[in-house]
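Inspection log for the structure reproduced underneath, given as structure tokens.
Chains as they are written, first to last, in the working numbering: chain A, 1 to 216; chain B, 1001 to 1216.
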């Protein structure tokens, strides 16, 4: 059955791989599943056809036969559950890898995403510096905890898992800020993620979409 | 095997059921699993023994034999996967229920939690009114989308699931604000959640902890 995902016709991140379709592309590349992409504009994301697939008008979505899914975390989990390579076989190790998926999305991503939004939407507000400082304090605490837990390991809990895949895509949003500078082990962790052939294929695919849109 | 979770010795929400152990208690009550609770102070949450269980120094944690888990979403999923009653048996319906779990935690919870934090931490800042307004705009959009999708249904996708359980615990944080007033179907949805016997038992259990701490 053909897998079809949705992605931005013209991603606001200019092809830097920060849009949430990147996670799904990477997961599909890790397990070797081909997929098709339907590009959507912001206007189209609020039309009934897209809202039927994604109640909050976001990307990505995932269609495969009768199944329609939304939420990048749920889509990555669905892929990981049905194919070898993204979740350990041992039941306890699998449960811990899933805990890292939720930690990435619910504990690490919110302040990092808030910071990204603030740098766009609040840059000219009188409180911008103070708000940025407060967000960066929160992010710094999370990174310190994450760095201590990762230690000298390659991945968060044993072999590379869907938890690492989500965590890497989230931490990549901090590249170019100074926030990761104090944590060489997190920088090396990100580099290990980016070096995976499946990551590179997924990154190239989403970049090609942006490049084509810009040339068009 | 005995299940042990952690919870605040003295919850900052004063027993209103908003701390994240409530989700885990409710899930365990839904599936009829007994559990023990180890209470922790904020100081204890930063000690090595707790950080070994929860890298970010939060509650709840979940211990069962050799397995130690963190992240409320992952713990609820673990319970739902191992017991009937919180996830549909049909594979596609199960995947959609999991999508609602991720949507609750990653799309609905962040702005609602940010608003709760802002009302505590930013109340005296010069930007408070504007920041609150901006957060409430975001929350309002999410609620409008959620209300439209729920429609006249009792639950988000067929029978009550772990997705509803998480969504209800998150929306309950808005009770007492005016944000839900425009959405009678969401208010009725919350009331259906609170009326479940398992919810009531879980709520009473967490309230008893707070009451004991206050009397002590």
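In this text, a Cβ means the ideal position worked out from N, Cα and C, and glycines have one as well. Everything numeric in this text was worked out from a predicted model, so none of it was measured.
Within the region 46-127 of chain A, the complete alpha helix (DSSP H) segments at least 4 residues long are 48-53, 72-82, 91-103 and 109-121, listed from N- to C-terminus. Annotated as proximal: residue 1139 of chain B and residue 1115 of chain B, with beta-carbon spacing under 8 Å. Judged by DSSP secondary structure, residue 1008 of chain B falls within the beta strand (DSSP E) whose first and last residues are 1003-1008. For chain A, the residues of the region 1062-1095 of chain B that bring a beta carbon within less than 7 Å of one of its beta carbons are 1066, 1067, 1069, 1070, 1071, 1073, 1074, 1077, 1078, 1092 and 1095, in chain order. Within the same chain, Cβ atoms closer than 7 Å to the Cβ of residue 14 of chain A are found at 210, the five residues on either side in sequence being excluded. Contact between the region 119-138 of chain A and the region 1127-1142 of chain B is present: 3 or more CB-CB pairs across the two stretches fall below 8 Å. The Cβ atoms of residue 41 of chain A and residue 9 of chain A sit closer than 8 Å to each other. Residue range 1021-1031 is occupied by the alpha helix (DSSP H) that includes residue 1030 of chain B, with no beta strand (DSSP E) assigned at that position. C-alpha of residue 106 of chain A to C-alpha of residue 1110 of chain B: approximately 8 Å in a straight line. Rounded to the nearest whole angstrom, the CA to CA distance from residue 1075 of chain B to residue 79 of chain A is 20 Å. Scanning the region 163-205 of chain A for uninterrupted alpha helix (DSSP H) segments of 4 residues or longer gives 184-194, listed from N- to C-terminal end. According to the DSSP assignment, residue 1016 of chain B belongs to no beta strand (DSSP E), since it is labelled neither H nor E.
Residue 132 of chain A carries a helical assignment under DSSP once its states are collapsed to helix, strand and coil. Put simply, of B:1047, B:1054 and B:1165 the residue whose alpha carbon is nearest the alpha carbon of residue 1197 of chain B is B:1165.
Chain-ordered, the chain A residues with CB closer than 8 Å to the CB of residue 1103 of chain B read 55, 56, 70, 71 and 74. Any Cβ of chain A closer than 8 Å to the Cβ of residue 1012 of chain B would place that residue at the interface, and such an atom is absent.
Interface annotation, residue 145 of chain A: in contact with chain B, CB-CB separation under 8 Å. DSSP places residue 1039 of chain B in the uninterrupted beta strand (DSSP E) bounded by 1036-1040. Per the coordinates, the alpha-carbon of residue 102 of chain A lies some 19 Å from the alpha-carbon of residue 25 of chain A. In terms of CA proximity to residue 1001 of chain B, B:1067 leads the group B:1084, B:1141 and B:1067. For residue 1060 of chain B, the closest C-alpha among the options B:1021, B:1184 and B:1087 is that of B:1021. The DSSP-derived three-state label of residue 1158 of chain B is coil. Pairing residue 1190 of chain B with residue 1179 of chain B gives a Cβ-Cβ distance that is not under 8 Å.
It is roughly 17 Å from the alpha-carbon of residue 70 of chain A to the alpha-carbon of residue 1077 of chain B. In this structure, the CA atom of residue 188 of chain A is about 12 Å from the CA atom of residue 182 of chain A. In the three-state reduction of the DSSP assignment, residue 11 of chain A falls in the coil class, being assigned neither a helical nor a strand state.
Short of 7 Å from the beta carbon of residue 1023 of chain B, and not among the five residues preceding or following it, lie these beta carbons of its own chain, in chain order: 1072, 1076, 1165, 1166 and 1169. Restricting attention to B:1092, B:1085 and B:1201, the CA atom closest to the CA of residue 1031 of chain B is found in B:1085.
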